[in-house]
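Notes to accompany the following structure.
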Amino acid sequence: MSGSETPIGNSIPLLTPYKLGNFNLSHRIVLAPLTRQRSYNSIPQPHAILYYSQRTTNGGLLIAEASEISDTAKGYQDMPGIYTKEQVEAWKPIVDAVHAKGGIFFCQIWHGGRVSNSVFQPNGQAPISCTDKPLTPQILTNGVDVAQYTPPRRLRTDEIPGIVNDFRLAARNAIEAGFDGVEIHGANGYIIDQFLKDQVNDRTDQYGGSLENRCRFALEIVEAVVNEIGADKVGIRLSPFADYMESGDSNPNALGLYLVQSLNKYGILYCHVIEPRMKLQDEIAECSDSLAPMRKAFKGTFIAAGGYTREDGNKAIAENRADLIAYGRLFLANPDLPRRFELKAPLNKYNRETFYISDPVLGYTDYSFLETA
Ligand SMILES: Cc1cc2nc3c(=O)[nH]c(=O)nc-3n(C[C@H](O)[C@H](O)[C@H](O)COP(=O)(O)O)c2cc1C
Numbered sequence: 001m002s003g004s005e006t007p008i009g010n011s012i013p014l015l016t017p018y019k020l021g022n023f024n025l026s027h028r029i030v031l032a033p034l035t036r037q038r039s040y041n042s043i044p045q046p047h048a049i050l051y052y053s054q055r056t057t058n059g060g061l062l063i064a065e066a067s068e069i070s071d072t073a074k075g076y077q078d079m080p081g082i083y084t085k086e087q088v089e090a091w092k093p094i095v096d097a098v099h100a101k102g103g104i105f106f107c108q109i110w111h112g113g114r115v116s117n118s119v120f121q122p123n124g125q126a127p128i129s130c131t132d133k134p135l136t137p138q139i140l141t142n143g144v145d146v147a148q149y150t151p152p153r154r155l156r157t158d159e160i161p162g163i164v165n166d167f168r169l170a171a172r173n174a175i176e177a178g179f180d181g182v183e184i185h186g187a188n189g190y191i192i193d194q195f196l197k198d199q200v201n202d203r204t205d206q207y208g209g210s211l212e213n214r215c216r217f218a219l220e221i222v223e224a225v226v227n228e229i230g231a232d233k234v235g236i237r238l239s240p241f242a243d244y245m246e247s248g249d250s251n252p253n254a255l256g257l258y259l260v261q262s263l264n265k266y267g268i269l270y271c272h273v274i275e276p277r278m279k280l281q282d283e284i285a286e287c288s289d290s291l292a293p294m295r296k297a298f299k300g301t302f303i304a305a306g307g308y309t310r311e312d313g314n315k316a317i318a319e320n321r322a323d324l325i326a327y328g329r330l331f332l333a334n335p336d337l338p339r340r341f342e343l344k345a346p347l348n349k350y351n352r353e354t355f356y357i358s359d360p361v362l363g364y365t366d367y368s369f370l371e372t373a
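Sequential numbering of the sequence shown, starting at 1, is according to UniProt numbering.
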């Protein structure tokens, strides 16, 4: 039993309805984008139908895992793509299953940039980025394996419109697959974040140097995607405060504020921001920074993510610090998270070791639902 049939709605702030543009959300608990590396050879697989539909509620918002926009986007094994006809066709039954249960489903469109290795690249070429600065090997979340990255090739200025166009086409494909909209992945150290951050971007052309120049690539992508599918179907994810994949910035407050002020001009649906306390991918750190200035400056819907529990999610909504809260690991391990929050029920614990394995069931669709009395 999925739990999605249970009507949700009472005075718990996370369980109050919200109007997200044209979509009527029945609650404010969003499935955060979660890479699961089970899309063999970049093709979404039938087992994702069950995975996503388990996490669907009537009127709930789901953001699909990061999806490659082109053959140079790839940086990890078995992430899904959204750039070939076969991939678009393979997404359709997954999207249909979410819609059949009343969910609203956005596709996260992604390019890894220098977070890649030549083994993933066409013809074994070097990954592309704003820079040729290499990334040092990183220990993976299992704490044992180390990912090696091939030094990237710095994109020529005249190649950049081609990457912007790949984002545009991916957005078109996502709509063709049936998604309700797209989330541009501008966070977590991947290609857009590489351009945004002054610790990575060492360009001397119009895409580097000043804050305005470093944000140009991101904003050109937003503009292209908005023109292609409409601003009411476009969100973006940002992590100005994070240092993932060696992509920190010397002035994240200024970066975040400039970005949201610029985004206002395009009237996009939402901005989804990682909390400053998540300096590293999955660790909460003490931190005096806050998303409040970005929240205040942004005119659209504001989604916050990173380390949220039931209690502080309710508090953030009650205090109007965000409109919606995205849950990653808790939703991964609790397919019926909204129902558990409603009942204040105990939560399943997530198992880090099965986050990224290729098994189509284990650690994927076998997390239990609450027993129904
Ligand atoms: C297994 C796993 C996969 C993730 N994949 C993505 C992804 O594809 N795109 C993305 O923007 N963030 C990704 N993240 C980050 C999450 O969306 C989220 O921001 C992070 O887990 C912190 O939120 P939480 O404390 O609620 O888990 C991933 C995190 C985990 C644990």
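All C-beta atoms in this analysis are idealised placements derived from N, C-alpha and C, irrespective of residue type, glycine included.
Asked	Found
Straight-line Cα distance separating Ser-39 from Asn-58	26 Å
Sub-8 Å separation of Gln-125 and Ser-118 beta-carbons	yes
Backbone CA spacing between Asp-366 and Ile-284 [nearest angstrom]	27 Å
DSSP-derived helix/strand/coil call for Asn-251	coil
Sequence-distant residues of its chain with Cβ nearer than 8 Å to Ser-358 (five each side left out)	Gln-37, Arg-38, Tyr-40, Gln-77, Asp-78
Heavy atom of ligand 3 within 7 Å of Met-278 beta-carbon	Ligand 3 is absent from the structure shown, which contains only ligand 1.
Sufficient close CB pairs (3 or more, under 8 Å) joining the region 256-267 to the region 234-241	yes
C-alpha gap between Met-1 and Gly-60, whole angstroms	With a pLDDT of 35 at Met-1, under the threshold of 50, the predicted position of this residue should be treated as unreliable, though the coordinate-derived value follows. Roughly 17 Å between the two C-alpha positions.
Host alpha helix (DSSP H) of Gln-194 (start-end)	191-196
Proximity test, Arg-329 beta-carbon vs ligand 1 heavy atom, cut-off 7 Å	yes
Residue from Ile-29, Pro-335, Ile-191 whose Cα sits closest to the Cα of Ser-70	Ile-191
Under the three-state DSSP convention, the category Cys-271 falls into	strand
Rounded C-alpha distance that separates Arg-214 from Asp-198	8 Å
Lys-299 and Asn-251 closer than 8 Å at C-beta	no
For Gln-138, the three-state DSSP class (helix, strand or coil)	strand
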